[in-house]
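Taking it in order: structure first as structure tokens, then the write-up.
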Amino acid sequence: MRPVVEPLFSAEVIRERIDALAATIASRLEPDAVVVTLLTGAFIFAADLARALANHGATPTLDFMILSSYGHRTESSGEITVRLECAADLNDRQVLLVDDILDSGTTLDHASCLIRARGARELMTCVLLDKPARRALPIEADFVGFQVPNLFVVGYGIDFNQMFRELPFVGAIRTP
Ligand code: IMP
Ligand code: MG
Numbered sequence: 003m004r005p006v007v008e009p010l011f012s013a014e015v016i017r018e019r020i021d022a023l024a025a026t027i028a029s030r031l032e033p034d035a036v037v038v039t040l041l042t043g044a045f046i047f048a049a050d051l052a053r054a055l056a057n058h059g060a061t062p063t064l065d066f067m068i069l070s071s072y073g074h075r076t077e078s079s080g081e082i083t084v085r086l087e088c089a090a091d092l093n094d095r096q097v098l099l100v101d102d103i104l105d106s107g108t109t110l111d112h113a114s115c116l117i118r119a120r121g122a123r124e125l126m127t128c129v130l131l132d133k134p135a136r137r138a139l140p141i142e143a144d145f146v147g148f149q150v151p152n153l154f155v156v157g158y159g160i161d162f163n164q165m166f167r168e169l170p171f172v173g174a175i176r177t178p
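Take a look at the structure:
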């Protein structure tokens, strides 16, 4: 059965928050910065963030990476492989790494290491959602859309078993 989703952040609230984030980020981005987004969960966030950055005068290159962890994923397994490496030359560039959710921190930590290994001069990180209660590594994002409690969230690109990515808002799966 398809689970019930309780709305947390409306499309309008998300739009306003992303505009504010983009204003801050744009003031710190160099003209040849690269925005590297982790797919698939952050694809809608990245698309809206990119356009908001443009509205605030930023001119980043946009690129993407796919990381996957073994096994079925409602929890991070901790083991991560690279399924798609980003194509841009990161050497000596300023990079903004974008993900949907910062949870245990494993994914952002791993992606940060990969980007530094590719020669990025400066790395900043941005996540739509931060679940600090679940952190297993000492890592924080430089830019956070919203903090969320320890709920399973979906929508706005984020899935539960590939469902709910299409929702225009962020909600939490209702637990019985
Ligand atoms: P971490 O590696 O534990 O920080 O997990 C980050 C990744 O786990 C995110 O990019 C999501 O893909 C996934 N994730 C963590 N929490 C949730 C959730 O509540 N809903 C859907 N995916 C989640
Ligand atoms: Mg993810």
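Just so you know, we're using the working numbering here: the sequence shown kicks off at 3 and counts up by one. Here a beta-carbon is modelled for each residue, glycine too, at the ideal position from N, C-alpha and C.
Beyond the five residues adjoining it in sequence on each side, Ala90 comes within less than 7 Å, by CB distance, of Val36, Thr63 and Asp65 in the same chain, given in chain order. Of the candidates Arg137, Leu139 and Asp101, Asp101 places its Cα closest to the Cα of Leu131.
Bounds of the alpha helix (DSSP H) holding Cys115 are Thr108 to Ala119. Here Ala138 is actually not in contact with Leu153; their C-beta atoms are around 18 Å apart, not less than 8 Å. In the structure shown, Thr127 falls within a strand segment according to DSSP collapsed to helix, strand and coil.
In this structure, Leu110 has its CB closer than 7 Å to one or more heavy atoms of the ligand IMP. Rounded to whole angstroms, the separation of the alpha carbons of Leu116 and Thr61 is 23 Å. DSSP lists no beta-bridge partner residue for Pro178. CA-CA distance, Ala56 to Asp50, rounds to 10 Å. A direct Cα-Cα distance of roughly 7 Å separates Gly159 from Thr42.
Listed in chain order, the non-local C-beta contacts of Pro170 below 8 Å within the same chain comprise Ala13, Gly157 and Tyr158, local neighbours out to five positions each way being set aside. Shortest gap from the CB of Leu104 to any heavy atom of the ligand MG: 7 Å or more. CA-CA distance, Met3 to Arg167, rounds to 17 Å. At least one heavy atom of the ligand IMP falls within 7 Å of the beta-carbon of Phe154. The three-state secondary structure of Glu81, taken from DSSP, is coil.
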